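The listed protein sequences derive, respectively, from chains A and B.
Just so you know, we're using this note's numbering here: the first sequence kicks off at 8 and counts up by one.
Just so you know, we're using this note's numbering here: the second sequence kicks off at 8 and counts up by one.
One structure is given here, and the rest of the page talks about it.
There are 2 protein chains.
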Amino acid sequence: MLDRVVELFWEQGFEATSMSDIVEVTGLNKSSLYNSFGSKDQLFQTALARYTSRREQMIHAGLRDGTAGLDDIMMFLEMVEIEMTSDTGSRGCLAINTSTELGRCDQSVVEMGTRFRGEMRSSIRAALDRAAELGEIGPAAVEHRVEMLVAFMMSLGVVARGGAPKAELDGQLAAMRGLVDSWRLDS
Amino acid sequence: MLDRVVELFWEQGFEATSMSDIVEVTGLNKSSLYNSFGSKDQLFQTALARYTSRREQMIHAGLRDGTAGLDDIMMFLEMVEIEMTSDTGSRGCLAINTSTELGRCDQSVVEMGTRFRGEMRSSIRAALDRAAELGEIGPAAVEHRVEMLVAFMMSLGVVARGGAPKAELDGQLAAMRGLVDSWRLDS
DNA sequence: CGAATTCTTTACCGACCCTTCCAATATTCA
DNA sequence: TGAATATTGGAAGGGTCGGTAAAGAATTCG
Numbered sequence: 008m009l010d011r012v013v014e015l016f017w018e019q020g021f022e023a024t025s026m027s028d029i030v031e032v033t034g035l036n037k038s039s040l041y042n043s044f045g046s047k048d049q050l051f052q053t054a055l056a057r058y059t060s061r062r063e064q065m066i067h068a069g070l071r072d073g074t075a076g077l078d079d080i081m082m083f084l085e086m087v088e089i090e091m092t093s094d095t096g097s098r099g100c101l102a103i104n105t106s107t108e109l110g111r112c113d114q115s116v117v118e119m120g121t122r123f124r125g126e127m128r129s130s131i132r133a134a135l136d137r138a139a140e141l142g143e144i145g146p147a148a149v150e151h152r153v154e155m156l157v158a159f160m161m162s163l164g165v166v167a168r169g170g171a172p173k174a175e176l177d178g179q180l181a182a183m184r185g186l187v188d189s190w191r192l193d194s
Numbered sequence: 008m009l010d011r012v013v014e015l016f017w018e019q020g021f022e023a024t025s026m027s028d029i030v031e032v033t034g035l036n037k038s039s040l041y042n043s044f045g046s047k048d049q050l051f052q053t054a055l056a057r058y059t060s061r062r063e064q065m066i067h068a069g070l071r072d073g074t075a076g077l078d079d080i081m082m083f084l085e086m087v088e089i090e091m092t093s094d095t096g097s098r099g100c101l102a103i104n105t106s107t108e109l110g111r112c113d114q115s116v117v118e119m120g121t122r123f124r125g126e127m128r129s130s131i132r133a134a135l136d137r138a139a140e141l142g143e144i145g146p147a148a149v150e151h152r153v154e155m156l157v158a159f160m161m162s163l164g165v166v167a168r169g170g171a172p173k174a175e176l177d178g179q180l181a182a183m184r185g186l187v188d189s190w191r192l193d194s
């Protein structure tokens, strides 16, 4: 039920989503919503927390908890591509959308965004460290490479949400793969 | 006067900005606004066009119309850094903010975003082509490198708008500089 | 000067916003 | 079963939203 709320905010954004929309999509009564969540803002915070938690899990599962090195990153990119080019892919990333919509006026959103990106860095860094231990890449410049991948993820979210043609997404993904490949020592 | 409107939409976004806000900040009367611009949507389109036009000019001036190669890119990054870390830097980029806010429901916004990113690519590509002619970098992989720089620009917009601490912006910028430097043939 | 036209001001419109209240209903628990 | 508690339904409150109509002021132009 809360998942419906997540999808609605994800689809439309915070300001553009009214409590009436939420009543409609959840089937719950307006009073029940206010009893359970307090206010629209609190409901949004709850939905956003649910979203980021699941996202972080998915990212961790592929990158931090993986066993390979660069291949974990490549598999992760495949997952990203599949999701990004699906019919719901143009919703982008709720964490990014919220950062740009409310980052200027809501401190809790600032913290959410900072934490979210931090989790992403940590997962990517773990995969790169494994790749270094395996001898696939050199151990230097890990931090820079983490930033590069994070930047690509941010960009993909924006570009997908912006309704870009599939070719443009493919171009970014190809560049991302080429970048990772260029790190291989045996190339 | 239109510049005030641009700043307001830039600061708050489309949905969060009311016509009353605009009346207040411009000093113009509400009827005058509707006489001149037709509707809130049209006024926003006008303001957005003004913003993107100026942005593209700034980007072109540094990259497409430059005379050096990689140094033009480095100078451009310096400009980006100065603006990004200024007190108004946390407004991010109106084109990006608008893409994530309205990209899902407004076709003209989709086109604006696609065009905006296209202009960016064209400018960056021009600088990279010059760098290749000068022998600073190899001529291959230009398209991938264009995508990498575009991705960094998108990411910086999101991260800045998200209220990230200065150190995080610095980290992304450092990685961006390191990336460009790594393309140099004589390194 | 005086008539025609443009621009500005004021007041207001219906719709929708988030939220609350209160009566009606369902549920729990003794 | 009967009383206490929680949950629901729908209406309405207080505001703000984007947008407009008509009266008033200023300007143009003969």
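Just so you know, even glycine gets a beta-carbon here, dropped at the ideal spot from N, CA and C.
Note that the coordinates shown come from a computational prediction; the quantities given were computed from them, not determined experimentally.
Item to check | Among B:17, B:117, B:175 and B:135, the one whose alpha carbon lies nearest that of residue 79 (chain B) | outcome: In this structure, B:135 is the residue among B:17, B:117, B:175 and B:135 with its C-alpha nearest to the C-alpha of residue 79 (chain B).
Item to check | Integer Cβ distance of residue 137 (chain A) from residue 69 (chain A), believed to fall under 8 Å | outcome: Not quite, the Cβ-Cβ distance comes to about 12 Å (not below 8 Å), so this is no contact.
Next on the checklist: Quick check: the region 48-63 of chain A against the region 141-158 of chain A, are at least 3 beta-carbon pairs closer than 8 Å?
Outcome noted: No: the two stretches stay apart, fewer than three of their Cβ pairs being nearer than 8 Å.
Item to check | chain B contact for residue 168 (chain A) (CB, 7 Å cutoff) | outcome: Among the residues facing chain B, residue 168 (chain A) is included, as its CB has a counterpart in that chain under 7 Å away.
Next on the checklist: Between the region 156-172 of chain A and the region 122-135 of chain A, can you find at least three pairs of beta-carbon atoms closer than 8 Å?
Outcome noted: Touching, per the Cβ criterion.
Item to check | Complete alpha helix (DSSP H) runs within the region 75-148 of chain A (minimum length 4 residues, chain order) | outcome: Counting only runs of 4 or more, we get 77-91, 101-109 and 114-140.
Next on the checklist: Looking at the secondary structure, which residues open and close the alpha helix (DSSP H) in which residue 59 (chain A) lies?
Outcome noted: Residue 59 (chain A) -> alpha helix (DSSP H) spans 47-66.
Next on the checklist: Rounded to whole angstroms, what is the Cα-Cα separation between residue 187 (chain B) and residue 152 (chain B)?
Outcome noted: Note on geometry: alpha-carbon atoms of residue 187 (chain B) and residue 152 (chain B) lie some 9 Å from one another.
Item to check | Chain-ordered neighbours of residue 98 (chain A) on chain B, where CB pairs are closer than 9 Å | outcome: Residue 98 (chain A) reaches chain B at 111, counting residues in chain order whose Cβ is nearer than 9 Å.
Checklist entry - What do you reckon, are the CB atoms on residue 173 (chain B) and residue 59 (chain B) nearer than 7 Å? => result 7 Å or more divides the Cβ of residue 173 (chain B) from the Cβ of residue 59 (chain B).
Checklist entry - Thinking C-alpha only, which one of B:41, B:110 and B:171 is nearest residue 112 (chain A)? => result Out of B:41, B:110 and B:171, B:171 has the C-alpha closest to the C-alpha of residue 112 (chain A).
Checklist entry - Buried or exposed: residue 122 (chain B), going by 16 or more other Cβ atoms within 10 Å of its Cβ? => result Around the CB of residue 122 (chain B), fewer than 16 other CB atoms lie within 10 Å, so the residue is classed as exposed.
Item to check | Own chain, CB closer than 7 Å to residue 37 (chain B), minus 5 neighbours either side, in chain order | outcome: Annotation for residue 37 (chain B): 26 and 30 place their beta carbon closer than 7 Å to its own, counting only its chain and skipping 5 residues before and after.
Checklist entry - What runs of the alpha helix (DSSP H), each 4 residues or longer, lie entirely inside the region 22-48 of chain A? => result If only uninterrupted alpha helix (DSSP H) runs of at least 4 residues are considered, those enclosed by the region 22-48 of chain A are 26-33 and 37-44.
Checklist entry - So which residues of chain B does residue 29 (chain A) contact, with C-beta pairs closer than 8 Å? => result Scanning chain B for C-beta atoms nearer than 8 Å to the C-beta of residue 29 (chain A) yields nothing, as the closest lies near 16 Å away.
Checklist entry - For residue 39 (chain B), does the count of other Cβ atoms within 10 angstroms reach 16, so buried, or fall short, so exposed? => result Around the beta carbon of residue 39 (chain B), fewer than 16 other beta carbons lie within 10 angstroms, which makes this residue exposed.
Item to check | Distance between residue 81 (chain B) and residue 184 (chain B) (C-alpha atoms, nearest Å) | outcome: Going by the C-alpha atoms only, they are around 7 Å apart.
Item to check | Where residue 161 (chain A) falls: helix, strand or coil (DSSP) | outcome: Helix, per DSSP.
Checklist entry - Going along chain A, which residues have a C-beta under 8 Å from residue 186 (chain B)? => result Ordered by position in chain A, the residues that pass the 8 Å Cβ test against residue 186 (chain B) are 151 and 155.
Checklist entry - Quick one: what does DSSP say residue 8 (chain B) is sitting in, helix, strand or coil? => result DSSP places residue 8 (chain B) outside both helix and strand once states are collapsed to three, so it counts as coil.
Checklist entry - Residues in the region 171-182 of chain B with C-beta within 8 Å of chain A's C-beta atoms, listed in sequence order? => result Of all residues in the region 171-182 of chain B, 171, 172, 175, 178, 179, 181 and 182 have a Cβ within less than 8 Å of some Cβ in chain A.
Next on the checklist: At the 7 Å Cβ level, is residue 51 (chain B) part of the contact set with chain A, yes or no?
Outcome noted: Using a CB distance cut-off of 7 Å, residue 51 (chain B) does not count as an interface residue toward chain A.
Next on the checklist: Using a Cβ-Cβ cutoff of less than 7 Å, which residues in the same chain neighbour residue 104 (chain B) once the five nearest sequence positions on both sides are dropped?
Outcome noted: For residue 104 (chain B), where only same-chain residues beyond five positions count, the Cβ hits under 7 Å are 20 and 168.
Next on the checklist: Between A:32, A:9 and A:94, which has its C-alpha nearest residue 43 (chain A)'s C-alpha?
Outcome noted: Comparing Cα positions, the closest option is A:9.
Checklist entry - With a cut-off of 7 Å, does the C-beta of residue 145 (chain B) fall near any C-beta of chain A? => result No, because no Cβ of chain A sits closer than 7 Å to the Cβ of residue 145 (chain B).
Item to check | Within-7 Å CB hit, residue 161 (chain A) to chain B | outcome: Closer than 7 Å to some Cβ of chain B, the Cβ of residue 161 (chain A) qualifies, so yes.
Item to check | Environment of residue 178 (chain B) [buried if 16+ CB atoms lie within 10 Å] | outcome: When all chains shown are included, residue 178 (chain B) counts as buried.
Next on the checklist: Does chain B have any CB closer than 7 Å to the CB of residue 74 (chain A)?
Outcome noted: Interface annotation, residue 74 (chain A): not in contact with chain B, CB-CB separation never under 7 Å.
Item to check | Near-chain A residues of the region 116-128 of chain B - C-beta to any C-beta below 8 Å | outcome: For chain A, the residues of the region 116-128 of chain B that bring a beta carbon within less than 8 Å of one of its beta carbons are 116, 117, 120, 121 and 124, in chain order.
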